[in-house]
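See below for the structure under consideration.
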Amino acid sequence: VDFDLADTIIKDLLAENKLSEKSAVIKLICTRDQPASTDSEQKPANSLIIKTTELDLEEIKRRQSGLRAGIIPWSRNSNNPLLALKSLNYLENRYALQNVKQQGFDEGIFLNQNGELCEGTFSNLFLIRKEVLLTPPLTAGILPGITRAFILEKARPAGIEFHETPLSPEDLKTCDGAFLTSSLMYLAPLLEINQIKFDPDQTASLRKTLLNFMI
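Note that our numbering gives residue 37 to position 41 of the sequence shown, counting from 1, and the numbers run on in steps of one.
Set out below in C-alpha cells:
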C-alpha cells in the first residue's frame, strides 16, 4: 500500500464530502485480487478502497450514556481463525444484532462453544469485580480490538489490576460493573446483560480513570 497516496486520497475525499472540518470515520479496505487461474504463478494485485463518512456523534453520545445487552442465542467456535481478522464479513454480527434488538437490547454478546463470554457484535467486553478489570482472552474467539489493546496497555500505569480470563454468564452475577469498547465509542457503560444489572457508579469511576490515561 502506498501510504503517501492513501493520505492524499483521504484528504481529497474529506474535502469532496465536506468533512474536513467535521468528525469523520475513515475506512481503509485492502483486498487481494484473484489471479486469472488457480495455477497461475503471477502475484495477485492488491486493491485499496477508501471510504469517508460523517461520524454520528449523537449515536456515540447515546451509547456512552449506557447500553443494555443480551446474550446471543447461538455459539461461536473459538477455533475459527477468521474471528481474529477484521474483515468485511459482517453478516453474522448484523444478524445477531438484529436478533437482540428485537428483544429490546442495544447490543448482543456472543458465547463460544464452551459457553464462555466472547465479545459484542461491534465491541469488546470488560467486566469489573471489586475494582479489578476482567476481559475474555483472545483464545475465547474474539477480535483483538484496538481500544481493547489500548486499555490493557494503560490499565497497569493507571493503577488498575486486570486479568484476561475465561468468563461465563454466571460470572456476571458477581460483577459490579461492565462496559464495552470500540474505536468509535471508546468506552460505553453497560447497564445490564440479560437483565443482570450493573452499578453505573462503579463503571463511571473506572472509566474516568482510564480515559484520563487514554487522552
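For glycine and all other residues, C-beta sits at the position ideal for the given N, C-alpha and C. These numbers come from a predicted model, not from an experiment.
In this structure, the alpha-carbon of A200 lies about 15 Å from that of M181.
Bounds of the beta strand (DSSP E) holding Y182 are 182 to 189. In this structure, P153 lies near F209, with their beta-carbon atoms less than 8 Å apart.
Beta-bridge annotation (DSSP): R64 is paired with E188. When the Cα atoms are used, I5 and I46 turn out to be separated by approximately 8 Å. Judged by DSSP secondary structure, I156 falls outside any alpha helix (DSSP H); it is assigned neither H nor E. L24 is bridged by DSSP to I46.
Your pair G111 and S164 checks out as a contact, with CB atoms roughly 6 Å apart and the cut at 8 Å. Apart from the 5 residues on each side of it in sequence, G173 sits with its Cβ closer than 6 Å to the Cβ of I124, F194, D195, Q198, T199 in its chain, given in chain order.
For E115, the enclosing beta strand (DSSP E) begins and ends at 113 to 116.
Assigned with DSSP and collapsed to three states, K193 falls in strand. T48 sits close to I22, with the two beta carbons spaced by under 8 Å.
Ranked by how close their Cα comes to the Cα of V128, the residues S16, D8, E188, A151 have A151 in first place.
Its chain contains I67, I68, S71, R72, L113, C114, P165 as the residues whose beta carbon lies nearer than 8 Å to that of L107, once the 5 sequence neighbours on both sides are disregarded; these appear in chain order.
If you look at E88, you'll find it in the alpha helix (DSSP H) that goes 87 to 97.
Burial state of I105 is buried, judged by a 10 Å Cβ sphere holding 16 or more other Cβ atoms.
L139 carries a coil assignment under DSSP once its states are collapsed to helix, strand and coil. Its chain contains S19 as the residues whose beta carbon lies nearer than 7 Å to that of L53, once the 5 sequence neighbours on both sides are disregarded; these appear in chain order.
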